[in-house]
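Novice: First, the structure itself, so that you have it in front of you.
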Amino acid sequence: MDRRRDAPAPDGTGSSLSRSPRQRGSSSGHGGAKDRVERGERPCSPPLKGKADALSVSSFPFSGSDYPVTVDPYGFERPEDFDFETYEQLMSEYLVVLTRRAIKWSKLLKGKNKVDKNNKMKRYVRKGVPNEHRTLVWMSASGAQQQLDRNPGYYQSVLGAQHDPKLVDTIRTDLNRTFPENVLFRKSSSTCLQKELYNVLVAFGHHSPSVGYCQGMNFIAGLLLIITRDEEKSFWLMETLLGRILPDYYSPSMLGLKTDQEVLGELVRERVPGVSGVMAEHGVMWSLVVSRWFICLYIDVLPVETVLRIWDCLFYEGSKILFRVALTIIHQHQAAMEEEARSLPDVCQSFKRMTLGPFVEDCHPFMQKIFTEPGSLSMATIAKLRATCRARILAEGS
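Following full-length UniProt numbering, the numbering of the sequence shown begins with 1 at its first residue and continues without gaps.
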């Protein structure tokens with residue numbers, strides 16, 4: 001895989017990665033969400049409106065007069081055929097959960113600037129972190145805050161150092177390609193985050209010259225900025241993600257990414273054997289169908305609210321969360337895949353459909369399932385499988 005290009009899309013073609021991570025929900029006037037899913041299209045992500053706004057708007061980047069009807073709470077434009085009624089139904093129960101969790105989190109974090117690592121906190125994180133507390137929780141749980149505190153002024157110093165012209169040009173090229181449907185990344189916007197995005201990517205590229213920059217990183221940095229609105233904190237969260245939680249995902253060899261794709265293959269063989277059999281029968285490599293899942297950390301794969309719930313757990317529990325999500329999605333569609341997949345293109349189409357529809361849109365029950373459906377999955381198990389798969393990849397490449 002060329003790390004300077006987008007990861008392969010589930011259909012085997014290059015992904016534009018220019019779509020927002022907000023894409024979900026349903027459409028009206030064009031056959032509805034179900035028809036679009038059946039055609040293999042991703043419905044657009046529904047934003048909050050009406051009662052939803054009243055309950056949770058303060059938690060999001062847009063509020064009050066800054067929250068236009070045509071834009072969702074994270075800055076992504078709503079489609080013209082957006083189905084408000086369907087989304088209101090979807091959100092009616094989830095908003096009750098959000099409100100209840102927000103009250104509990106406020107009590108839990110009152111007077112605190114960090115989170116503990118214990119079973120109670122893990123339970124809270126798994127049930128969702130309110131947006132107003134996400135930056136604190138992500139920074140504290142991941143160790144990024146500790147890194148920032150240990151290195152005061154480091155971000156500014158690396159940002160102010162002499163920059164590699166080639167790195168700068170590559171990053172500048174991708175700025176306008178980052179979430180083009182999000183008003184927060186448009187030059188015409190008074191709240192444009194392109195400068196902050198540029199700074200984070202340039203600083204990270206010089207901080208980690210062995211990684212530098214490759215496409216996909218801009219979307220990770222972009223979503224971090226949407227949540228934190230702080231480029232220094234976004235830098236340290238990115239450093240934690242790519243340096244500790246997911247090492248070698250973006251290195252020139254992309255060995256970490258390749259390894260984890262094979263690890264997923266081993267887990268599927270053990271836990272979802274029907275899908276593994278279909279993959280083997282048609283000679284489908286895991287890199288063909290799940291590269292984007294991992295390299296983009298589910299951005300532009302799952303709805304934005306679901307992605308953020310996944311990231312809550314990713315920062316708190318580590319990379320095993322990526323496997324839990326993948327296994328849950330695959331397990332949910334095992335029967336359909338066994339019945340419908342008759343060729344390699346069929347398999348690829350099945351993987352495209354897996355990330356569409358109500359199962360991944362309704363993020364609260366989805367997140368509950370990722371901790372039950374795959375069964376027990378420890379970091380020790382992941383580490384053992386990684387060692388085996390990495391050795392195999394290196395042997396094949398020698």
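Note that beta-carbon positions come from the ideal geometry of N, C-alpha and C, so glycine has one too.
Are the beta-carbon atoms belonging to R100 and M367 less than 8 Å from one another?
Specialist: no
Novice: Are E196 and L223 closer than 8 Å when you measure CB to CB?
Specialist: no
Novice: Which same chain residues, not among the five before or five after L246, have their C-beta less than 7 Å away from its C-beta?
Specialist: G256 and S319
Novice: Could you name the residues of the same chain whose beta carbon sits closer than 6 Å to that of V284, not counting the 5 residues immediately before and after it, in chain order?
Specialist: Around V284: L344 and V347.
Novice: Grab the span of the alpha helix (DSSP H) containing C313 for me, first residue to last.
Specialist: Segment V304 to E317, the alpha helix (DSSP H) holding C313.
Novice: I need the boundaries of the alpha helix (DSSP H) containing H333, first residue and last residue.
Specialist: Unbroken run through H333: none, as it is neither H nor E.
Novice: Please report the straight-line C-alpha distance between G375 and D312, rounded to a whole angstrom.
Specialist: 20 Å
Novice: According to DSSP, F204 sits in a beta bridge with which residue or residues?
Specialist: Assignment of beta-bridge partners to F204 by DSSP yields no partner.
Novice: Would you kindly check if the distance between the Cβ of L327 and the Cβ of V272 is under 8 Å?
Specialist: yes
Novice: Give me the Cβ distance between residue 464 and I220, rounded to the nearest whole Å; I'm assuming they're in contact under 8 Å.
Specialist: Summary: the structure shown does not reach residue 464, with the chain confined to residues 1 through 398, and so no result is reported for it.
Novice: Can you give me the Cβ contacts of G64 inside the same chain, cut-off strictly under 6 Å, excluding the 5 residues immediately before and after it?
Specialist: Low confidence applies to G64: its pLDDT is 44, below 50, so where it sits in the model is not reliable, and the reading given next is rough at best. Within the same chain, no residue comes within 6 Å of G64 by CB-CB distance, once the 5 residues on both sides are set aside.
Novice: Buried or exposed: where does P130 fall if 16 or more other Cβ atoms within 10 Å of its Cβ makes it buried?
Specialist: Label assigned to P130: buried.
Novice: Can you check DSSP and say which residues form a bridge with residue 399?
Specialist: The first residue shown for the chain is 1 and the last is 398, placing residue 399 beyond what the model contains.
Novice: For the alpha helix (DSSP H) holding P365, just list the boundary residues, first then last.
Specialist: C363 to I370
Novice: Within the stretch 142-191, note down every full alpha helix (DSSP H) run reaching 4 residues or more, in order along the chain.
Specialist: 144-150, 154-160 and 165-175
Novice: Assuming S208 and G243 make a contact with CB atoms under 8 Å, what is their CB distance in whole Å?
Specialist: Right, their Cβ atoms sit about 7 Å apart.
Novice: Is F294 near N182, with beta carbons less than 8 Å apart?
Specialist: no
Novice: Taking V158 as the reference, which of W236, R134, R172 and L109 has the closest Cα?
Specialist: W236
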